[in-house]
Amino acid sequence: MSAPSPSRGLQAARRAGGTVRSAVTGSSRRVQAAARADGADRSGLSALISVHALHAAGDALVAVALAGTLFFSVPIGEARSRVALYLVLTMLPFSLLIPVAGPLLDRFPHGRRTVLAVTTGGRGLLTWVMAGVLAGLALYPLALVVLVLSRAYGVARAAAVPRVRPPAVGLVSTNARLNVAAVTAGAGAAAIGAGISAVAGSGLVLQLASVLLLLGGVLALRLPEHVDEPIDRAADAPSLTAVVRFRLSRTAAAVTGPLAAALGLRAVAGLLTIFLAFLLRAESAPGLLVGAVVAAAALGQLAGTGAAARLPEKRARALSLVALALPVLPCLLVAVTGSGLWVVASAGAVGVSISLSRFALDAAVQQHVTPRSISTAFARSETGLQLAWVGGGAIALVLPTSASVGFTVAVLLPVLALVLARQLAVRSR
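Under this note's numbering, the residues of the sequence shown are numbered 5 to 433, in order.
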């Protein structure tokens, strides 16, 4: 296959840029209006949404640059080994999030703005360095640290959400606004980054990511002071041991079901992300199909976000069970028929399910875990979710590039998680 000429790449980038520009402009206006609604500008939610959108855009650009370097620029056999190395490296540091990041934030709650700034701005500095070492082994440890900082940001951001929630808005709706901003910014940045990468290479994409992340770090420092303040100290110190044990048992029961569902779906996402990348490349799938799969996943996340915002927050376990069931049928139909249409439908269903399950998990943690321990709880869940994604990706690397095999495994993972989540939900009644 011959490489595209620079002029053709430039024309494609311009066409993509025009389409993306109009879509992103309209979406950004709607996101900005939603970000300021219901007192979000006064509570600090609007400011956090701006930080989170820059975080998501920067992460999307980093992902585009790494995909071009690790996967698309090398033969498929070498790409498999590079992806395997990257997955192994991503597993190693996440043990730090449980014993270090979460308890550290719980012990020093007044530093949440600083943590958000350091994890965002620090990634900005590292991505600028990465732009100069794309061809060397130094890329891997740098990408590793960037990933760790991204997950640490997620822990701090989730712990900050209850502190910026407007009184008239629930936790699920608050998380939905953040996710809409993240998906919109991430999708727009990924499309623009792909065009830049085709014309100027991955280095410029990383430099753009660096600028956005550094800006996000500056904005994080300007978040309102009450982000660092506790919500309710009295609720953190029950006086009777029996009450503590009761609350702990209720907390475990309320959180483990949504966590099991989120873990299963995150494993499916990791599996299909890696598996489809190799399958579509091995079969020389048309660009229209690849674009449809990516678009379906992004639109699915937005649809899941909108649906979650309209559902009762107290039904987190039921929401997680629905999320697990959604991708089973389309994935089964792909395994049976091999139809590209059902591949697109599966990507959309997984996108919806990921959003629903994440909102269910966040709502369960934010409702049932005391503020004193919430950062530790989010650190544990973030670590588990990332390891589940890596586990799903590792499974994809050892599977043959057969749609029937890959999507059969994709059916089994949510079914197993559905059984586990259902058992935990029944026990908690």
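Virtual Cβ for every residue (Gly too), placed ideally from N, Cα, C.
For clarity, every value in this text was computed on a predicted model and none was experimentally measured.
Residue i (DSSP reduced to helix, strand or coil)
i, result
"VAL419", "helix"
"ARG314", "coil"
"LEU141", "coil"
"GLN427", "helix"
"VAL413", "helix"
"VAL373", "coil"
"SER406", "coil"
"VAL222", "helix"
"VAL173", "coil"
"PRO290", "coil"
"GLU229", "helix"
"VAL133", "helix"
"SER324", "helix"
"LEU330", "coil"
"GLY295", "helix"
"GLY395", "helix"
"SER385", "helix"
"GLY205", "coil"
"SER343", "coil"
"GLY48", "coil"
"SER31", "Low local confidence applies: a pLDDT of 48 at SER31 is under 50, so the model's placement there is unreliable, and no value is given."
"ALA239", "A caution first: ALA239 carries a pLDDT of 41, below 50, which makes its placement in the model too unreliable to give a value."
"THR245", "The predicted position of THR245 is uncertain, since its pLDDT is 39 and thus under 50; no value can be drawn from it."
"PHE250", "For PHE250, the predicted structure reports a pLDDT of 35, less than 50, and the residue's modelled location is therefore unreliable. A value from the coordinates is still provided. Note: PHE250 maps to helix in three-state DSSP."
Check whether residue i and residue j have beta carbons under 7 Å apart
i, j, result
"ALA57", "LEU175", "no"
"LEU74", "ARG84", "no"
"VAL55", "LEU212", "no"
"ALA327", "LEU292", "no"
"ALA271", "ALA351", "no"
"ARG117", "LEU263", "no"
"LEU421", "GLY268", "Going by the sequence as given, residue 421 is Ala instead of Leu. In this structure, GLY268 lies closer than 7 Å to ALA421 by Cβ."
"ALA258", "HIS372", "yes"
"ALA339", "THR412", "yes"
"VAL184", "THR309", "yes"
"VAL68", "ALA191", "no"
"ALA207", "ALA135", "The sequence given here places Gly at residue 207; Ala does not occur at that position. It is a contact, given that the beta carbons lie within the stated cut-off."
"ALA313", "SER177", "yes"
"LEU225", "TYR144", "no"
"ARG155", "GLN427", "no"
Closest residue to residue i among the options (Cα-Cα distance)
i, options, result
"TYR90", "PRO418, SER408, LEU401 and LEU417", "LEU401"
"LEU65", "VAL92, THR178 and ALA189", "ALA189"
"TYR157", "VAL423, LEU360, THR124 and GLU233", "THR124"
"LEU153", "LEU129, LEU141 and ALA195", "LEU129"
"LEU2", "THR118, ALA407, GLY72 and VAL222", "Residue 2 is absent from the structure shown; the chain starts at 5 and stops at 433."
"ALA289", "THR405, VAL133, LEU219 and ALA160", "THR405"
"ARG169", "ILE53, GLY197 and THR118", "ILE53"
"VAL419", "ALA329, LEU337 and ALA135", "ALA329"
"PHE363", "SER385, ASP45 and ALA51", "SER385"
"LEU120", "ALA383, SER214, GLY221 and ALA198", "GLY221"
"GLY197", "LEU323, GLY72 and ALA414", "GLY72"
"TRP346", "ALA296, ALA265, SER324 and VAL369", "ALA296"
"ALA180", "ALA265, ALA69, LEU365 and VAL340", "LEU365"
"LEU333", "GLY388, LEU416, PRO171 and ALA202", "LEU416"
"VAL209", "ALA61, CYS335 and ALA186", "ALA61"
"LEU216", "SER201, ILE80, TRP132 and THR412", "TRP132"
"PRO171", "ALA339, SER47, THR387 and LEU337", "SER47"
"LEU219", "VAL409, ALA51, ALA312 and GLY410", "ALA51"
"LEU282", "ALA69, ASP63 and ALA88", "The sequence given here has Phe at residue 282, not Leu. Looking at the Cα atoms, ALA88 is the closest of the given residues."
"VAL159", "LEU403, GLN370, ILE80 and VAL173", "GLN370"
"LEU325", "VAL294, GLU287 and ALA266", "ALA266"
"SER214", "HIS59, VAL298, LEU403 and SER343", "HIS59"
"GLU233", "THR374, ALA383 and GLY115", "GLY115"
"GLY261", "LEU323, ALA299, GLN390 and LEU337", "LEU323"
"ASP45", "ALA142, VAL173 and ALA273", "VAL173"
"GLY230", "LEU424, VAL294 and LEU49", "The sequence as given places His at residue 230; Gly does not occur at that position. If we check each option's Cα against that of HIS230, LEU49 comes out closest."
"ALA273", "GLY342, LEU336, PRO331 and GLY205", "PRO331"
"VAL122", "LEU424, THR341, ARG161 and ALA204", "ARG161"
"GLU287", "ALA142, GLU82, GLY342 and ARG127", "GLY342"
Beta carbon proximity, residue i to chain B, threshold 7 Å
i, result
"VAL119", "Protein chain content of the structure displayed is limited to a single chain, and chain B is not contained in it."
beta-carbon residue i near the ligand GTP non-hydrogen atom, thresh 6 Å
i, result
"GLY388", "The model on display carries no ligand, and the ligand GTP is accordingly not part of it."
Okay, do the stretch 277 to 288 and the stretch 393 to 409 touch, 3+ Cβ pairs below 8 Å being the bar?
-> Verdict: yes, contact present.
For the stretch 131 to 149 against the stretch 163 to 175, are there 3 or more C-beta pairs whose distance is under 8 Å?
-> With a cut-off of 8 Å, the stretch 163 to 175 and the stretch 131 to 149 do not count as touching, because too few Cβ pairs lie within range.
Touching or not, the stretch 291 to 310 and the stretch 352 to 366, by the rule of three or more beta carbon pairs under 8 Å?
-> With contact defined as three or more Cβ pairs closer than 8 Å, the stretch 291 to 310 and the stretch 352 to 366 are in contact.
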